[in-house]
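Colleague:
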Amino acid sequence: MSDLFSEQLQVLRAQSLHRKLREIGTAQGPEIQIVGQQLVNFSSNDYLGLANDPLLREAATAAVAEFGVGAGASRLLSGTQSPHVQLETALAKWKGTQAAICFGSGYAAALGTIPALVGRHDVVVLDKLCHASLIDGAKLSGAAIRVFPHHHLGKLESHLDWARRERPEARVLVVTESIFSMEGDRAPLRELVGLKKRFGALLLLDEAHAIGVIGPQGRGLAAKENLTREVDVQMGTLSKGLGVSGGYICGSRSLIDWLVNRARSFIFSTASPPALAAAARAAIEFLGTEAGEQRRQKLWQRIETLRRSMPDNYANDVEPRENGSAIHPLIVGAEETALDLSRSLQNEGFLVPAIRYPTVAKGEARLRITVTAAHEETHIQRLSEAIGRHQSALLTAA
Ligand SMILES: *Cc1c(COP(=O)(O)O)cnc(C)c1O
1 MSDLFSEQLQ VLRAQSLHRK LREIGTAQGP EIQIVGQQLV NFSSNDYLGL
51 ANDPLLREAA TAAVAEFGVG AGASRLLSGT QSPHVQLETA LAKWKGTQAA
101 ICFGSGYAAA LGTIPALVGR HDVVVLDKLC HASLIDGAKL SGAAIRVFPH
151 HHLGKLESHL DWARRERPEA RVLVVTESIF SMEGDRAPLR ELVGLKKRFG
201 ALLLLDEAHA IGVIGPQGRG LAAKENLTRE VDVQMGTLSK GLGVSGGYIC
251 GSRSLIDWLV NRARSFIFST ASPPALAAAA RAAIEFLGTE AGEQRRQKLW
301 QRIETLRRSM PDNYANDVEP RENGSAIHPL IVGAEETALD LSRSLQNEGF
351 LVPAIRYPTV AKGEARLRIT VTAAHEETHI QRLSEAIGRH QSALLTAA
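Oh and the sequence shown: position 270 is 270 in the working numbering, straight run, nothing missing.
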């Protein structure tokens, strides 16, 4: 057995696709320590620097003092403690929906929700670059799956047309992200809403990378485009811009009640620790304050700094503000080149992960730079300079 796996691992190494864990000896933040080396961290999705913020730490500590650590059981058995209820009330209010439900993670939210909404007589239509959790949820549902090329509305339309012709009785669910996790670009939400209405489909929008980043009070793309009412299933995570952990779905009261009854990753999993719910609620409340808005504006200043300081030939990859996000892929192509570049940057004190297959397609390896409000201007300028120094090597390799 062990030989079998070591051979398989060897194959991964030979293809530059092997991955390993790196121990971090510090809290998350703009500077972290990995095996003794101090690195400026451009790999985190903690966009507002909330993961180690005193406000959230205090909320969690107070909840530990009152509620202890573990939730003891699944939410339906005995695990629905006040912090969970308060968090869901705050989430629904913040997102402008009737109700909300939280899961142990964003991954669990997708895995529980999609199969609760559609089954084997139904159809799920996804953008090609959707996150693994959405793809896995779709597969688990047993529904027919149709995929359209990234942002390709024409192809989406023909899938919807097919579904309506071939399966007139089927429920059709369109699944997409508002900000794509490895591209950093935004979905054409208005057009998607137009299509889903025309074909009588449901729309699930995963706002994982938009929450805390775009829209009024960081409420995401649907809120920004004033389309909250048109998005049937609003998914997101508490683990990125909100700095904590856990996934959520916001929507109508009946949708949420249905998920309480049918989402297996909710029903058969112990509630997340009440202290995390308290911390997540503190994050949401923070976003509604003046200080929260300032933090979000600071993030956008840092994004702008990256855009301005990147070497000319990459500057185009960094989307302007109206269409941007905190995620900036530097597409390199070959897996080995991406790894080499990531290693060189690490030697110079920067943590910029190489993203490879199966996270992205083979031959589309990239560096994924994420900027946060906690970075200093100089962190970003120094990174851009370092990338500039390596760019000739990069260009000849590409
Ligand atoms: C990270 C992510 C998830 C999963 O959320 P977790 O809370 O980390 O499990 C789901 N969808 C997208 C688009 C993501 O980027």
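Quick reminder that beta carbons are idealized off the backbone N, C-alpha and C, glycines included.
#1: Between the stretch 77-93 and the stretch 125-141, do at least 3 Cβ pairs fall closer than 8 Å?
#2: Can you list, in chain order, the residues of its chain with a C-beta nearer than 6 Å to that of alanine 373? Leave out the 5 residues immediately preceding and following it.
#3: Looking only at its own chain, which residues have a Cβ that is under 6 Å from the Cβ of leucine 383, when we skip the five neighbours before and after it?
#4: Taking C-alpha atoms, which residue in Thr370, Ser245, Asn261 and Thr270 lies nearest to asparagine 52?
#5: According to DSSP, is asparagine 41 helix, strand or coil?
#6: Check whether the stretch 103-113 and the stretch 178-189 touch, using three or more Cβ-Cβ pairs below 8 Å as the test.
#7: So, helix, strand or coil for threonine 289, using DSSP?
#8: To the nearest angstrom, how far is it from the Cα of leucine 77 to the Cα of threonine 113?
#9: Restricting to Cα atoms, I'd like to know which of Val360, Arg164, Ile24 and Gly79 is closest to isoleucine 34.
#10: Just to confirm my understanding: we take glutamate 169, look at its own chain, exclude 5 residues before and 5 after, and list those with CB closer than 8 Å. What are they?
#11: Give a yes or no on whether the C-beta atoms belonging to alanine 71 and isoleucine 249 are separated by under 8 Å.
#12: Please report the distance separating the alpha-carbon of threonine 305 from that of threonine 289.
#13: Around the Cβ of glycine 292, are there at least 16 other Cβ atoms within 10 angstroms (buried) or fewer (exposed)?
#14: Alpha carbon to alpha carbon, what distance is there between valine 231 and alanine 201?
#15: Identify the continuous alpha helix (DSSP H) that holds aspartate 136 and give its terminal residues.
#16: Locate the beta strand (DSSP E) running through arginine 366, then write down its first and last residues.
#17: Cutting at 6 Å between CB atoms, please list the residues of its own chain near valine 174, excluding the five before and the five after it.
#18: Looking at the secondary structure, which residues open and close the beta strand (DSSP E) in which histidine 209 lies?
#19: Counting along the chain, where does the alpha helix (DSSP H) carrying glycine 106 start and finish?
#20: Unbroken alpha helix (DSSP H) runs of length 4 or more, entirely within the stretch 250-295: which are they?
#21: Only counting the same chain, and skipping five residues up and downstream in sequence, which positions put a Cβ closer than 7 Å to that of alanine 283?
#22: Quick one, which of Gly79, Arg19, Ser133 and Ile331 has its alpha-carbon nearest glutamine 391's?
#23: Grab the span of the beta strand (DSSP E) containing valine 123 for me, first residue to last.
Modeller: Here's the rundown:
#1: In short, these stretches do not touch, since the Cβ pair count stays below three.
#2: Stepping through the sequence shown from its first residue, residue 373 is reached at position 373. For alanine 373, where only same-chain residues beyond five positions count, the Cβ hits under 6 Å are Leu48, Gly49, Arg295, Lys298 and Leu299.
#3: If you number the sequence shown from 1, residue 383 lands on position 383. Excluding positions up to five away in sequence, the list reads Phe350.
#4: Position 52 of the sequence shown, counted from the start, is the residue given in the question as residue 52. With distances taken between CA atoms, asparagine 52 lies nearest to Ser245 out of Thr370, Ser245, Asn261 and Thr270.
#5: Translated into positions along the sequence shown, residue 41 becomes position 41. DSSP places asparagine 41 in strand when its eight states are reduced to three.
#6: No, they do not touch.
#7: By 1-based counting over the sequence shown, the position of residue 289 is 289. Reduced to three states, the DSSP call for threonine 289 is coil.
#8: For the purposes of this step, residue 77 is taken as residue 77 along the sequence shown, with counting starting at 1. For the purposes of this step, residue 113 is taken as residue 113 along the sequence shown, with counting starting at 1. Straight through space, the alpha carbons of threonine 113 and leucine 77 are spaced by roughly 19 Å.
#9: On the sequence shown, residue 34 is found 34 positions in, with the first residue counted as 1. When only C-alpha atoms are compared, the closest one is Ile24.
#10: What you label residue 169 is simply residue 169 of the sequence shown in a count that begins at 1. Taking glutamate 169 as the centre and dropping the five residues before and after it, the same chain places the C-beta of His121 closer than 8 Å to its C-beta, in chain order.
#11: Position 71 of the sequence shown, counted from the start, is the residue given in the question as residue 71. Position 249 of the sequence shown, counted from the start, is the residue given in the question as residue 249. No, these two residues do not count as a Cβ contact at 8 Å.
#12: Counting from one through the sequence shown, the residue named residue 305 turns up at place 305. Counting from one through the sequence shown, the residue named residue 289 turns up at place 289. Roughly 25 Å between the two C-alpha positions.
#13: Working through the sequence shown from its first residue, we reach residue 292 at position 292. That one is buried.
#14: Your numbering for residue 201 matches position 201 in the sequence shown. Your numbering for residue 231 matches position 231 in the sequence shown. Taking the straight line joining both Cα atoms gives about 11 Å.
#15: In the sequence shown, residue 136 corresponds to position 136, counting from 1. Its alpha helix (DSSP H) spans residues 132-141.
#16: Here residue 366 corresponds to residue number 366 of the sequence shown, with the count starting at 1. For arginine 366, the uninterrupted beta strand (DSSP E) segment begins and ends at 365-370.
#17: Residue 174 sits at position 174 when you count from the first residue of the sequence shown. Only residues of its own chain outside the window of five on either side were considered, and among them Val125, Lys196, Ala201 and Leu203 have a CB closer than 6 Å to the CB of valine 174, listed in chain order.
#18: Against the sequence shown, residue 209 aligns to sequence position 209. Counting along the chain, histidine 209 falls outside any beta strand (DSSP E), and DSSP gives it neither H nor E.
#19: Residue numbering aside, residue 106 sits at position 106 when the sequence shown is read from its first letter. Note, glycine 106: alpha helix (DSSP H), 106-117.
#20: Listed in chain order, the alpha helix (DSSP H) runs fully inside the stretch 250-295 are 253-262, 264-267 and 274-287, counting runs of at least 4 residues.
#21: For the purposes of this step, residue 283 is taken as residue 283 along the sequence shown, with counting starting at 1. Hits under 7 Å: Leu50, Leu56, Leu242, Gly243 and Val244.
#22: As a first step, residue 391 must be located in the sequence shown, where it is residue number 391. The option with the nearest alpha carbon to glutamine 391 is Ile331.
#23: Counted from its first residue, the sequence shown places residue 123 at position 123. It spans 123-127 - the beta strand (DSSP E) in which valine 123 sits, taken as one unbroken run.
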